[in-house]
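Engineer: First, the structure itself, so that you have it in front of you.
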């Protein structure tokens, strides 16, 4: 439709804008999910430190499987030869 004899400028393609907005929304959703998981792990284990979590997870899995706990995760079971 011509108004007062002028030709309107070219239209902007809305698809790239919609894709960028969708990517932003998905990114925020993923961050919210990650934060919820971290908070749930902290509530369950009392920490978010990876070494402690790994040790407690192994303990929980061993207990669920009925296995005896390991003696130590830090020291060798026997003395090393000189």
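Residue numbers (this note's numbering): 211 to 292. Ideal Cβ positions, reconstructed from N, Cα and C, are used throughout, including at glycine. None of the values given here were measured: they were computed from a predicted structure.
Give a yes or no on whether the C-beta atoms belonging to residue 238 and residue 248 are separated by under 7 Å.
Structural biologist: Working through the chain shown from its first residue, we reach residue 238 at position 28. Working through the chain shown from its first residue, we reach residue 248 at position 38. For residue 238 and residue 248, no; Cβs fall outside 7 Å.
Engineer: I'd like the list of long-range same chain contacts for residue 266, defined as Cβ closer than 7 Å, with 5 residues on each side in sequence excluded.
Structural biologist: Counting from one through the chain shown, the residue named residue 266 turns up at place 56. The residues are 255.
Engineer: With DSSP as the reference, label residue 224 as helix, strand or coil.
Structural biologist: Here the question's residue 224 lines up with position 14 in the chain shown. Three-state DSSP puts residue 224 in a helix.
Engineer: Secondary structure at residue 298, three-state DSSP: helix, strand or coil?
Structural biologist: The structure shown has nothing for residue 298, since the chain only spans 211 to 292.
Engineer: Quick check: the Cα distance between residue 231 and residue 223, rounded to an integer number of angstroms?
Structural biologist: Start at 1 with the first residue of the chain shown, and residue 231 comes out as number 21. Start at 1 with the first residue of the chain shown, and residue 223 comes out as number 13. In a straight line, the C-alpha of residue 231 is about 14 Å away from that of residue 223.
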